[in-house]
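Protein sequence lines correspond, in order, to chains D and V.
Residues 4 to 159 (the working numbering) make up the first sequence, in order.
Residues 1001 to 1345 (the working numbering) make up the second sequence, in order.
Single-structure report; data block below.
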Amino acid sequence: MVVRTRVNGEWREADVWPGASLLTMLRDSLGLFGSKNACEQGECGSCSVWLDGKLVCSCLVLAPQAHEREVRTVESLGAAAMNPVQEAFIEAGAVQCGFCTPGFIVAVTDLLQRDPAPNEISVREALSGNLCRCTGYQKILDAVALAARRIREPST
Amino acid sequence: MDPILVLRLPRLRYVQARTVEEAAAIVGSDGGRAMLIAGGTDLLPNLKRRQFDVATLVSLRGIPGWDAITGDPQAGMSLSAGATLDQVARHPAVLSGYRALAQAAGLVSTPQIRYMGTLGGNLMVDPRCNYYNQTFAWRKAVGFCLKKDGDICLVARSSPRCWAVSSSDTAPVAVAFAASVVLQGMAGTRRVRAAELYRDDGIDYTTRKRDEVITSVEFPAARTTTSAYWKLRRRGSFDFPIVGAAVVIWWEDGVVRDARGALSAVGSHPVDISSYLSSLRGVHPDERLIAELAAAADKPARPLDNTDLSHYWRKRMTRVFIERALRDAAGLDPQAGLLTAQLKS
Ligand SMILES: Cc1cc2nc3c(=O)[nH]c(=O)nc-3n(C[C@H](O)[C@H](O)[C@H](O)COP(=O)(O)OP(=O)(O)OC[C@H]3O[C@@H](n4cnc5c(N)ncnc54)[C@H](O)[C@@H]3O)c2cc1C
Ligand code: SF4
Ligand code: FES
Ligand code: FES
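Right, here's the structure in full:
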């Protein structure tokens, strides 16, 4: 079946079978490899995207459920230059193997759009759907604090 | 069957229903091989693990008004089955009148899952078991069980029934509030008490008929009500409850008029413990009474060795979580109770 979805601002069509997930469609049909495929069962957040502006696991969305809807992926961020969240992840050393990183970048961007000055409890809650096997999370928390500060005071 | 190297979905047909009538007609007719899909957050992982044989998925989310939340605690509230857990957890009127419901919805899994998952889907979560919520290859290697593809229960080998665990966080809250569930099928609409939606069986866990769609959940007026939900799990995110305690207290002139409660994850259905709370009526409970009642109210809880952590410990923690929920609803520090103190000794 043909699914028509607005992906990162552009209407795209993909010919998928009805049991394909949105994640499979993004990766295998549309060539967008930023959203990662790890657990495929909602347990890790590495496939996080926005569907109609809401943060979701694209492995748990059927491609046909995204028909005529708006999807934003990690590729929409920092296309021309890195966004402050991406920069902060690098500077704080929050990227090791990097597999979880796109999902975290999306989840952190989502948080800072809603709450530019989150306290640590809000940060932990907002990132509770993303797993990282490498960093032990502390550097990710540091990166969020750094990104939040940069967004509030761009010159620092 | 194709080799399942990754967790892909089986071949199926996808239908977007435009009305409840249409959805009911399709699930009611497709030879039992059609299922409703709302957020998909319970159904899709289960399907990827081949826990159901499904030919058709009927999606509910395009139905007009599907996520509406109306009413207020003065008059009672109606929550459409399609309201997301995130909506329920943040809704100001739910937070003020039905705090346990907002707590339970907010304690489900992760932000991503709460944006997708719905209240209706949460009430219908497929009962869980360590021997069942596994990939096809895992179950094949260990041996299939009664619930799917096999003929014995791997937890209680001589048991003729399945003991999979009712694992919904909002179901015990709906039971404790004596909420009504509205179901619409091909023959019309009916309304049942939340407790009547469930059967004490890990496989055949609901009285919902195959063609019925849950359209809404109606919570009675909650003017002088306090409530709380306490959830035990290994990690503070992601995990399903291994004990959940919901308590609702109706107050009148500073004393308890009525109190009800229900437990999650200690049986194949939400376990109603209201009869153990009846001596709260007419008094303003102190911490000794609460501890006494909580210590007795874990009686109908029968955790088996089929979820995370040891079932002895889950049984021991059940009374502690009932105490915490009762104290919370009675305005006492939830974690300063006598049963919590006994844990440390
Ligand atoms: C990582 C992870 C962790 C989770 N943790 C928890 C947890 O801690 N607590 C918890 O309670 N749940 C948990 N869940 C399960 C699930 O996310 C939630 O229960 C969610 O609310 C299910 O809603 P849904 O809309 O996604 O349901 P779906 O997956 O769409 O459906 C679930 C079931 O309900 C049926 N159904 C859906 N809507 C209706 C309706 N209107 N009428 C009749 N039948 C209907 C479907 O046919 C299916 O059988 C978790 C899931 C994941 C992936
Ligand atoms: S309780 Fe027994 S029959 Fe039911 S899912 Fe678990 S092992 Fe299978
Ligand atoms: S791949 Fe989607 S949550 Fe892990
Ligand atoms: S950096 Fe390796 S999983 Fe997070």
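Glycine included, C-beta positions come from ideal geometry on N, C-alpha and C.
Taking V/GLY1040 as the query, report the chain D residues whose CB atoms sit under 8 Å from its CB, ordered along the chain. LEU63, VAL64, LEU65, GLN68
Do D/LEU63 and V/GLY1282 have their beta-carbon atoms positioned less than 7 Å apart in this structure? no
Taking the Cβ atom as the reference point for each residue, do D/SER131 and V/THR1110 lie within a distance shorter than 7 Å? yes
Let me make sure I understand the geometry here. Which of V/ARG1257, V/ILE1242, V/VAL1243 has the alpha-carbon closest to that of V/ILE1249? V/ARG1257
Check the Cβ-Cβ distances between D/VAL59 and every residue of chain V, and say whether any is below 7 Å. yes
Answer with buried or exposed for V/MET1001, where buried requires no fewer than 16 other C-beta atoms within 10 angstroms of its C-beta. Low local confidence applies: a pLDDT of 41 at V/MET1001 is under 50, so the model's placement there is unreliable, with the coordinate-based value given in what follows. V/MET1001 should be labelled exposed.
Provide the residue span of the beta strand (DSSP E) that contains V/THR1035, from first to last. It should be pointed out that residue 1035 of chain V corresponds to Met in this sequence rather than to Thr. Where V/MET1035 is concerned, the enclosing beta strand (DSSP E) stretches over 1034 to 1037.
Is the closest heavy atom of ligand 4 to the C-beta of D/CYS100 under 6 Å? yes
Rounded to a whole number of angstroms, what is the C-alpha to C-alpha distance between V/ILE1004 and D/LEU25? Only weak support exists for where V/ILE1004 lies, its pLDDT of 49 falling under 50; the coordinates are left without a value.
Between the Cα of V/ARG1128 and those of V/ALA1164, V/LEU1263, V/ALA1262, spot the shortest distance and give me the residue it belongs to. Nearest option by C-alpha distance: V/ALA1164.
Would you say D/GLN44 lies against chain V (beta-carbon separation less than 7 Å)? For D/GLN44, the answer is yes, since a Cβ of chain V falls inside 7 Å of its Cβ.
Return no unless some Cβ of chain D is closer than 7 Å to the Cβ of V/TYR1014. Taking Cβ atoms only, chain D reaches closer than 7 Å to V/TYR1014, which makes this a yes.
Residues bridged to V/GLY1076 (per DSSP): V/ASP1072
What residue range is occupied by the uninterrupted alpha helix (DSSP H) comprising D/GLY96? Looking at the DSSP string, D/GLY96 is not in any alpha helix (DSSP H), and its letter there is neither H nor E.
Could you work out which residues of chain V lie near D/GLY164, taking near to mean beta carbons separated by less than 8 Å? Since the displayed chain D opens at 4 and closes at 159, residue 164 of chain D lies outside it and no answer follows.
Ligand 2: which residues have Cβ under 6 Å from any of its heavy atoms, chain order? V/CYS1129, V/TYR1131, V/TYR1132, V/CYS1145, V/LEU1146, V/LYS1147, V/CYS1153, V/LEU1154, V/VAL1155, V/CYS1162, V/TRP1163, V/ALA1164, V/GLY1202, V/ASN1306
Would the beta-carbon of D/PRO105 fall within 7 Å of that of D/VAL77? yes
Buried or exposed (CB count within 10 angstroms, at least 16 for buried), V/LYS1048: buried
Should D/CYS103 be listed as close to ligand 4, given that the test is whether its C-beta is under 6 Å from any heavy atom? Ligand 4 approaches D/CYS103 closely enough that one of its heavy atoms is under 6 Å from the residue's Cβ.
Locate the beta strand (DSSP E) running through V/GLY1185, then write down its first and last residues. 1180 to 1185
What's the gap between the Cα of D/SER51 and the Cα of V/ASP1169? Spanning the two alpha carbons is a distance of roughly 24 Å.
Residues of the region 115 to 130 of chain D in Cβ contact with chain V at a cutoff of 7 Å, in chain order, please. ALA129
Can you name, in chain order, every residue of its own chain whose Cβ lies under 8 Å from the Cβ of D/SER49, other than the five neighbours on each side? Cβ within range, chain order: SER38, LYS39, ASN40, ALA41, CYS42, PHE102, CYS103, PRO105, GLY106, ASN133, LEU134.
Under 9 Å between beta-carbons, which chain V residues line up against D/PRO1? List them in chain order, please. Residue 1 of chain D is absent from the structure shown; chain D starts at 4 and stops at 159.
Do the region 1317 to 1332 of chain V and the region 1229 to 1247 of chain V touch if we need at least three Cβ pairs shorter than 8 Å? yes
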